[in-house]
Amino acid sequence: MIEFLANHTPTLTHWLVLCALLFCIGLYGVLTRRNAIGILMSIEIMLDAGAINFVAFNYFNARDTVDGQIMAIFIIAVAAAEAVIAMAIFVALYRYRGTVDVNEMDSLRDES
200 MIEFLANHTP
210 TLTHWLVLCA
220 LLFCIGLYGV
230 LTRRNAIGIL
240 MSIEIMLDAG
250 AINFVAFNYF
260 NARDTVDGQI
270 MAIFIIAVAA
280 AEAVIAMAIF
290 VALYRYRGTV
300 DVNEMDSLRD
310 ES
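Count along the sequence shown from 1, add 199, and you get the number used in the numbering used here.
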């Protein structure tokens, strides 16, 4: 088994299946989590799946360009900025409401 894995190079299909699995795991996390930080982590997994997709397509279809890698770096930068902003919002909401449960944050009105 190990010899097969050592001599077998992954194809584009392997990478696309991996990305589809990562995206589905992230989507499942977004739909089932109640904690806002868990939802944010699931969204990050979905964005990472998209970045891997860009790199895989670039590697197998246009090896002489770096467009896929540039898009992946752009996705990583946007995801980092999104995570920083979301965490700042979550910290503010936790200080104000005392929880980061999304079911408790269903109103924009001041309830205190």
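All C-beta atoms, glycine included, are put in the ideal place defined by N, C-alpha and C.
Tell me whether residue 234 sits in a helix, a strand or coil according to DSSP, three-state version.
Three-state DSSP puts residue 234 in a strand.
Can you tell me where the alpha helix (DSSP H) holding residue 266 begins and where it ends?
266 to 296 is the span of the alpha helix (DSSP H), which, as asked, contains residue 266.
Between residue 255 and residue 226, which are expected to be in contact by the criterion C-beta below 8 Å, what is the C-beta distance as a whole number of angstroms?
Not really, about 19 Å apart at Cβ, beyond 8 Å.
Tell me, which residues are paired with residue 300 by DSSP?
According to DSSP, residue 300 bridges with 234.
Taking the alpha carbon of residue 270 as the reference point, which residue from 249, 223 and 208 has its own alpha carbon closest?
Cα-wise, what sits closest to residue 270 is 249.
State the Cα-Cα distance for the pair residue 305 and residue 299, rounded to the nearest angstrom.
Each residue's Cα considered, the two are about 11 Å apart.
Go ahead and pull the three-state DSSP assignment for residue 212.
Residue state, collapsed to three classes: helix.
Taking the straight line between their C-alpha atoms, what separation do you get for residue 219 and residue 252?
Between residue 219 and residue 252, the C-alpha separation is close to 9 Å.
Do the stretch 228 to 243 and the stretch 282 to 301 touch if we need at least three Cβ pairs shorter than 8 Å?
Yes, since at least three Cβ pairs between the stretch 228 to 243 and the stretch 282 to 301 fall closer than 8 Å, the two stretches touch.
So, residue 215 versus residue 244, is the Cβ gap smaller than 7 Å?
Not in contact: residue 215 and residue 244 (Cβ atoms no closer than 7 Å).
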